[in-house]
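In UniProt numbering, the protein residues as written are 1 to 186.
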């Protein structure tokens, strides 16, 4: 038959009381030494028993958490975190402000106007192609007009030369006519 943990603890307490009675209450150093030895034996027994080991770990954890030093450490840790947060408050505000701007820009960029940008680029590409075609046609027309103007200038010079020749022929003929009129042959 197995004994429960409470029975084991009660038995240990009975044994401690019996030892105190046996050792006597007057020799305190002997009592402390005996209790320390018993404590070591209890821990050794607890390490050998799985249930006792779990209970000892729980007791140690409870002792650690309820210790005033640990409570003080927690408060220091919280105050340190609070000091760090307060010291970094301006940076946190700046980051928050920048994130708000980014969110606003993201909403704008997700707007209908920006969804039309690909269509605008397509229309712009078509316009660029049309512009390029017009520029090429303009170049061709410019060359044709240049050739026409050269031909026209050559034609004008030729006409001018012909007119000069006609003028000189007319002048010669007029002079002959005047000579004939002045000297009539009858």
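Every residue, glycine too, gets a C-beta built ideally from N, C-alpha and C.
Looking at the secondary structure, which residues open and close the alpha helix (DSSP H) in which residue 188 lies? Because residue 188 is not part of the residues shown, which for the chain are 1 to 186, the question remains open.
For a test of the three-state rule: what should DSSP assign to residue 146, helix, strand or coil? Within the chain shown, the letter at position 146 stands for residue 146. Three-state DSSP puts residue 146 in a helix.
Span separating the alpha-carbon of residue 120 from that of residue 130: Position 120 of the chain shown, counting from 1, holds the residue named residue 120. Position 130 of the chain shown, counting from 1, holds the residue named residue 130. Computed Cα separation, rounded: 15 Å.
Report the option in 55, 12, 51 and 56 whose CA atom is closest to the CA atom of residue 35. Counting from 1 along the chain shown, the entry for residue 35 is found at position 35. Checking every option, the nearest Cα to that of residue 35 belongs to 12.
Simplified DSSP state of residue 116, which is helix, strand or coil: Indexing the chain shown from 1 puts residue 116 at position 116. Correct three-state label for residue 116: coil.
Distance, residue 151 Cα to residue 171 Cα: What you label residue 171 is simply residue 171 of the chain shown in a count that begins at 1. What you label residue 151 is simply residue 151 of the chain shown in a count that begins at 1. Note on geometry: alpha-carbon atoms of residue 171 and residue 151 lie some 29 Å from one another.
What number of angstroms, rounded off, separates the C-alpha of residue 138 from the C-alpha of residue 153? Here residue 138 refers to the residue found at position 138 when the chain shown is read from its first residue. Here residue 153 refers to the residue found at position 153 when the chain shown is read from its first residue. Rounded to the nearest angstrom, the two C-alpha atoms are 22 Å apart.
Nearest-angstrom Cβ-Cβ length linking residue 55 and residue 5, presumed shorter than 8 Å: Counting from one through the chain shown, the residue named residue 55 turns up at place 55. Counting from one through the chain shown, the residue named residue 5 turns up at place 5. With a Cβ gap of about 7 Å, residue 55 and residue 5 count as contacting.
Is the beta carbon of residue 85 less than 9 Å from the beta carbon of residue 92? Against the chain shown, residue 85 aligns to sequence position 85. Against the chain shown, residue 92 aligns to sequence position 92. Pairing residue 85 with residue 92 gives a Cβ-Cβ distance under 9 Å.
What number of angstroms, rounded off, separates the C-alpha of residue 18 from the C-alpha of residue 57? Walking along the chain shown from the start, residue 18 turns up at place 18. Walking along the chain shown from the start, residue 57 turns up at place 57. Cα-Cα distance, rounded: 27 Å.
Ends of the alpha helix (DSSP H) at residue 110? The residue you call residue 110 lines up with position 110 of the chain shown. In the DSSP annotation of this structure, residue 110 is not part of any alpha helix (DSSP H), being labelled neither H nor E.
Tell me the DSSP secondary structure of residue 5 in three-state form. Within the chain shown, residue 5 is the residue found at index 5, counting from 1. Helix.
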